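Engineer: Before we start, here is the structure in question, set down as structure tokens.
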Amino acid sequence: MRSARAGIVAALAALAVVSPPLRAQDFALPGATPPGSAAALLEDALPRAEPGVAVTAGTIAWYGVPGLVTRALAIDLGRGTWRASCGVSQTGEPGLGWTTVGIGAGAAGRDWGAAGRVLARRDRTAAFAARVAPGEGGLEAGAGAWLVIGGGCTMWASAPSLALTGAAPPLARALEAGVRWSSPGLALWLAHRSAPAGYGGASFAAGACAGTGPARVWLSAHDAPFAGTFGVSVTRAPVAVSAAVESHPWLPPLTRLALTLADRAP
Amino acid sequence: MPALAWALATVLAPAARTAPAPADDDSLAVTPAEPPDDAPGEGDVVAPRDGTVADGDVEVAMGADGDGDRLVRPRRRVRFRDGALGGDLRSGSADPLAGGALEVPFVHGTIAFGRVSPRWGRGLVVGAPADPWRDARASTVAPAPRTRSLDGARWRAGAGLRAEVAGGSMAHERVVLARAGAGAWDFGVLSRARGAPIVSLGGQAGGGAFELGMSRYGAWRAEGTRGGRVGGIGWTMRGRAGSERYSPPGAAAGRDPAQASALELDGRGIVAWRAMGSLWRHRSGVAGARAALEVERELTQHDHVALGTEEQHGARRDGSTRPPGMRQAGWVEWRGGRGPVRLGLRDEIWGHRGFARDAVRAVSTVRLVFEADAMTTLAITRSAYHVAYGEDLYLPEAGTDRWWLRAVSGDGTHTRIEFTAPLAGGRLHASLTRIEDIGRSPRPHWSFDWTRRSRTTRDPARAGP
């Protein structure tokens, strides 16, 4: 069991060496602009501004690594200022991957939002049980917040791995902070990401999203090393479909796909 | 004495009205701190954080902290002020700040017993002089060195015509102080067990102040400061001169430069700005310089953004082991709040090449505060840092009565979760910290404090309808 998990971790470590930093994982479904992509409450502890119910299902194919595919399902609930989310994600093949269960809770208003989230991971080689042997599972807790600061700008900060216990997550994440400017039809954003363990290797990311009505197109890029993402989303209430492809200098691209059912348009 | 005061205050407190405690400044929590000059090596530093106690107030506090092992450090504190009667007492077997002073009326003045902190003039003889490389930034934690405080007794009286006599131990050296003053002038003498007496002549007038300290053997130091405004620009100049062998009690060797000068400017227009330049010299070949500029803009009532740059050369201390050479820095800080959420971000990079390239010290901090109500708050502060070999970085943690300055090195993260809530008529502050330096065992730290501030007398000006 440990060797299976070690195999996955080794594969991800190899990816981390030769690829852009994988700073998102179990619920990193495609989104036009941060903050507020699908399942962002579970992934980044950033709640949606809109109340209501949304169910999102998605998949991520990690740089063409055979068998290393993430499948995720997240349910967002919002009533008044309260926000909650729960979800399940599986990465990798049986016997080699892991399963993640997440819950998140927070509050949000028209121009602010804050939340916390907890993820529990367990090897897919182990049957679910109430008691987890040492090294077989782990917990990861984090928090995040966003504020609308006026002029069409939104600031956000996310520290998704504030506390860890048990087995380490496949990919460590430190913190991210950024600003987004948006106007009808156009949004631009810039984010600073510290390295998973400390500031060394910190990087910047930037992106732009264009589109009106049901269709959106976005581009983003980050440094260390440079990589770019192209994404599209189409919404026809109550359904939204999003897809994104992230390039890489040496490896096959990373692809993300998500389908969202919501009782109101985002 | 501390136990008696504690018992007295505990009895008095329940009958009194609770006053709100001052709120923390989010900026202090995200800005790296300057350690006091007597900080031991690379270790953590605990420094007092002293707010004011209004006349008629009694503050009682109890708490404990620990590092995740079995050692728990309990502590208690009581502060009160009632006219000339006042006290500030801390107790705790493992509390590095244990001690305090009690002040009572005595012969036309007051007499204080315990740890008193007299300061004459510019601090050249008694007290601690201001470092020429430090500006007056309120957003930086820069505690004063404790070695310059006096354990003993002090009597002082008068305002226009004044006198002061003190005696005790300063940095393990027996000293006796006497000072007399009239109007803008003060003259004092410090007699010490291990060295020649030092005299002090100080004065202040018209926005300026100066002090001359001289020992019987001719070692001397003088410092003056003056400030004013020209148009919309405020300015402050400081200058210091003297001999290298001047050394008052409690001054660590190589701490205070013999010669220094500094100029601070500030203005306010579309943006508020502050600039500073300083030069200092300990002795031949041991000198330094600093220049800094910070620009701030208040975006709204709650939003604030600041940009800064700084360049440093040379060594701050004589004998410093810090790698020599130039350091250039840049930082950006933003704070804002909406509804119950406050957010603070700061990124600071120091490099030994132009434009802060080849980073030797970098820290990125996020602070998230959720206020359920005026007294119940949850705050999360997370820093990621890189500190090159030989450099130092201190991350501040605010307690109710102290600062913990955490020395970090290498690459790592610092996470702190704080919770405050009303409890039993007072205020509970609990915190949990975890420092993870790569290659080292995680360093946890926890603390809790309960503080209650009460008024023992009815103040009509502060009474409600």
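If you read the sequences in order, they're chains A and B. Each residue of the first sequence is one higher than the one before, starting from 210 at the first, in the numbering used here. Each residue of the second sequence is one higher than the one before, starting from 615 at the first, in the numbering used here. We treat Cβ as the ideally placed atom computed from N, Cα and C, and that holds for glycine. A quick note: this is a predicted structure, and the numbers were derived from the prediction, not measured.
How big is the Cα-Cα spacing for alanine 448 of chain A and alanine 248 of chain A?
Structural biologist: On the first sequence, position 239 is the one that residue 448 of chain A refers to. On the first sequence, position 39 is the one that residue 248 of chain A refers to. Just to set this straight, residue 448 of chain A is valine in the shown sequence, not alanine. In a straight line, the C-alpha of valine 448 of chain A is about 15 Å away from that of alanine 248 of chain A.
Engineer: At the 9 Å Cβ level, is serine 978 of chain B part of the contact set with chain A, yes or no?
Structural biologist: On the second sequence, residue 978 of chain B is found 364 positions in, with the first residue counted as 1. For serine 978 of chain B, the answer is yes, since a Cβ of chain A falls inside 9 Å of its Cβ.
Engineer: Based on the DSSP output, what are the partners of phenylalanine 413 of chain A in its beta bridges?
Structural biologist: Indexing the first sequence from 1 puts residue 413 of chain A at position 204. Partner(s): A:His401.
Engineer: Roughly how many angstroms lie between the CA atoms of alanine 453 of chain A and alanine 352 of chain A, to the nearest whole one?
Structural biologist: For this step, residue 453 of chain A is matched to residue 244 along the first sequence. For this step, residue 352 of chain A is matched to residue 143 along the first sequence. Looking at the two C-alpha atoms, the distance is approximately 25 Å.
Engineer: Helix, strand or coil for glutamate 252 of chain A, going by three-state DSSP, please let me know.
Structural biologist: In the first sequence, the residue the question calls residue 252 of chain A occupies position 43. Correct three-state label for glutamate 252 of chain A: helix.
Engineer: So what does DSSP say about phenylalanine 969 of chain B, is it helix, strand or coil?
Structural biologist: What you label residue 969 of chain B is simply residue 355 of the second sequence in a count that begins at 1. If DSSP states are grouped into helix, strand and coil, phenylalanine 969 of chain B belongs with the helices.
Engineer: Got a sec: is the Cβ-Cβ distance from phenylalanine 984 of chain B to anything in chain A below 9 Å?
Structural biologist: Taking the second sequence and counting its residues from 1, the one referred to as residue 984 of chain B is at position 370. Nearest CB-CB separation between phenylalanine 984 of chain B and chain A: below the 9 Å threshold.
Engineer: Using 8 Å for Cβ pairs, my map puts glutamate 910 of chain B next to alanine 901 of chain B. What's the rounded Cβ distance?
Structural biologist: As a first step, residue 910 of chain B must be located in the second sequence, where it is residue number 296. As a first step, residue 901 of chain B must be located in the second sequence, where it is residue number 287. With 8 Å as the limit, glutamate 910 of chain B and alanine 901 of chain B do not qualify as a contact, their Cβ atoms being about 30 Å apart.
Engineer: Count the other CB atoms, across all protein chains shown, that sit within 10 Å of the CB of tyrosine 999 of chain B; report buried if there are 16 or more and exposed otherwise.
Structural biologist: The residue labelled residue 999 of chain B in the question sits at position 385 within the second sequence. Buried, by the Cβ-count rule.
Engineer: What did DSSP end up calling valine 667 of chain B once you bin it into helix, strand or coil?
Structural biologist: For this step, residue 667 of chain B is matched to residue 53 along the second sequence. Here valine 667 of chain B sits in coil by DSSP.
Engineer: Against chain B, with Cβ distances strictly below 9 Å, would tryptophan 355 of chain A count as a contact?
Structural biologist: Sequence index remark: in the first sequence, residue 355 of chain A carries index 146 (1-based). For tryptophan 355 of chain A, the answer is yes, since a Cβ of chain B falls inside 9 Å of its Cβ.
Engineer: Tell me, which residues are paired with isoleucine 847 of chain B by DSSP?
Structural biologist: Sequence index remark: in the second sequence, residue 847 of chain B carries index 233 (1-based). Bridge partners of isoleucine 847 of chain B: B:Val844, B:Gly881.
Engineer: Apart from the five residues just before and just after alanine 314 of chain A, which ones in its own chain have a Cβ nearer than 6 Å to its Cβ?
Structural biologist: Position 105 of the first sequence holds residue 314 of chain A. Beyond the five residues adjoining it in sequence on each side, alanine 314 of chain A comes within less than 6 Å, by CB distance, of Ala293 in the same chain, given in chain order.
Engineer: Buried or exposed: where does serine 814 of chain B fall if 16 or more other Cβ atoms within 10 Å of its Cβ makes it buried?
Structural biologist: Against the second sequence, residue 814 of chain B aligns to sequence position 200. The residue is buried, with at least 16 neighbouring Cβ atoms inside 10 Å.
Engineer: Which residues in the same chain as alanine 471 of chain A place their Cβ atom closer than 6 Å to its Cβ, once the five residues preceding and following it in sequence are excluded?
Structural biologist: Translated into the one-based positions of the first sequence, residue 471 of chain A becomes position 262. Excluding residues within five positions, the ones whose Cβ falls inside 6 Å are Ala263, Pro447.
Engineer: Output yes if chain A places a C-beta closer than 9 Å to the C-beta of arginine 1054 of chain B; else output no.
Structural biologist: In the second sequence, counting from the first residue as 1, residue 1054 of chain B sits at position 440. The C-beta of arginine 1054 of chain B comes no closer than 9 Å to any C-beta of chain A.
Engineer: Less than 9 Å between the C-beta atoms of leucine 957 of chain B and tryptophan 390 of chain A, yes or no?
Structural biologist: Start at 1 with the first residue of the second sequence, and residue 957 of chain B comes out as number 343. Start at 1 with the first residue of the first sequence, and residue 390 of chain A comes out as number 181. Contact flag unset, no.
Engineer: Could you check how far apart the C-beta atoms of arginine 729 of chain B and glycine 714 of chain B are, in whole angstroms? I think they sit under 8 Å.
Structural biologist: Looking up residue 729 of chain B in the second sequence gives position 115. Looking up residue 714 of chain B in the second sequence gives position 100. 6 Å between Cβ atoms; contact.
Engineer: For threonine 1029 of chain B, which residues in chain A fall below 8 Å Cβ to Cβ?
Structural biologist: Position 415 of the second sequence, counting from 1, holds the residue named residue 1029 of chain B. Simply Ala368, Leu371, Ala372.
Engineer: Of all the residues that make up the segment 244–276 of chain A, which are near chain B by a beta-carbon distance shorter than 8 Å?
Structural biologist: Flagged: no residues at all.
Engineer: Would you identify the three-state DSSP class for valine 692 of chain B, choosing helix, strand or coil?
Structural biologist: Your numbering for residue 692 of chain B matches position 78 in the second sequence. Looking at valine 692 of chain B - three-state DSSP - the assignment turns out to be strand.
Engineer: Closer than 9 Å, CB to CB, is isoleucine 884 of chain B near chain A or not?
Structural biologist: Against the second sequence, residue 884 of chain B aligns to sequence position 270. No - not a single Cβ of chain A is within 9 Å of the one on isoleucine 884 of chain B.
Engineer: Is it the case that the segment 1019–1027 of chain B contacts the segment 1040–1051 of chain B, given that we only count it when at least three CB pairs across the two stretches are under 8 Å?
Structural biologist: yes
Engineer: To the nearest angstrom, how far is the alpha carbon of alanine 708 of chain B from that of glycine 820 of chain B?
Structural biologist: As a working mapping, residue 708 of chain B is identified with position 94 in the second sequence. As a working mapping, residue 820 of chain B is identified with position 206 in the second sequence. Those two C-alpha atoms are separated by around 46 Å.
Engineer: Suppose you measure from the CA of glutamine 234 of chain A to the CA of leucine 380 of chain A; what does that come to, to the nearest Å?
Structural biologist: For the purposes of this step, residue 234 of chain A is taken as residue 25 along the first sequence, with counting starting at 1. For the purposes of this step, residue 380 of chain A is taken as residue 171 along the first sequence, with counting starting at 1. Going from the Cα of glutamine 234 of chain A to the Cα of leucine 380 of chain A covers about 7 Å.
Engineer: State yes or no: is the beta carbon of isoleucine 847 of chain B nearer than 9 Å to at least one beta carbon in chain A?
Structural biologist: As a working note, residue 847 of chain B is residue 233 in the second sequence. So no, isoleucine 847 of chain B is outside the interface.
Engineer: With a cut-off of 8 Å, do at least 3 Cβ pairs link the segment 764–774 of chain B to the segment 870–881 of chain B?
Structural biologist: no
Engineer: Determine, using beta carbons only, whether serine 456 of chain A and glycine 267 of chain A come nearer to each other than 9 Å.
Structural biologist: The sequence position of residue 456 of chain A within the first sequence is 247, counting from 1. The sequence position of residue 267 of chain A within the first sequence is 58, counting from 1. Not closer than 9 Å, so no.
Engineer: Starting from the C-beta of glutamate 985 of chain B, find all residues in its chain whose C-beta is less than 6 Å away, skip the five residues before and the five after it, and write them out in chain order.
Structural biologist: In the second sequence, the residue the question calls residue 985 of chain B occupies position 371. If we look at glutamate 985 of chain B and ignore the five residues flanking it on each side, its Cβ neighbours are Pro954, Thr991.
Engineer: With a threshold of 8 Å, are at least 3 pairs of Cβ atoms found where one atom belongs to the segment 682–689 of chain B and the other to the segment 1026–1043 of chain B?
Structural biologist: no
Engineer: Can you find a C-beta in chain A that's less than 9 Å from the C-beta of arginine 1057 of chain B?
Structural biologist: In the second sequence, counting from the first residue as 1, residue 1057 of chain B sits at position 443. No - not a single Cβ of chain A is within 9 Å of the one on arginine 1057 of chain B.
Engineer: Going by C-alpha distance, which of B:Val660, B:Asp658, B:Gly701, B:Val718 is nearest alanine 668 of chain B?
Structural biologist: In the second sequence, residue 668 of chain B corresponds to position 54, counting from 1. Here the closest residue by C-alpha is B:Gly701.
Engineer: Would you please verify whether the beta carbon of leucine 380 of chain A is less than 9 Å from any beta carbon of chain B?
Structural biologist: Looking up residue 380 of chain A in the first sequence gives position 171. Answer no: the Cβ-Cβ gap between leucine 380 of chain A and chain B never drops below 9 Å.
Engineer: Distance, Cα to Cα, histidine 1059 of chain B vs leucine 255 of chain A?
Structural biologist: One-based indexing of the second sequence puts residue 1059 of chain B at position 445. One-based indexing of the first sequence puts residue 255 of chain A at position 46. Rounded to whole angstroms, the separation of the alpha carbons of leucine 255 of chain A and histidine 1059 of chain B is 27 Å.
Engineer: Does the beta carbon of isoleucine 358 of chain A come closer than 9 Å to any beta carbon on chain B?
Structural biologist: The residue given as residue 358 of chain A occupies position 149 in the first sequence. Interface residue, yes.
Engineer: Assuming the contact rule is C-beta atoms closer than 8 Å, alanine 823 of chain B and threonine 839 of chain B should be a hit. Round their C-beta distance to whole Å, please.
Structural biologist: For this step, residue 823 of chain B is matched to residue 209 along the second sequence. For this step, residue 839 of chain B is matched to residue 225 along the second sequence. Yes, alanine 823 of chain B and threonine 839 of chain B are in contact; Cβ-Cβ is about 6 Å, under 8 Å.
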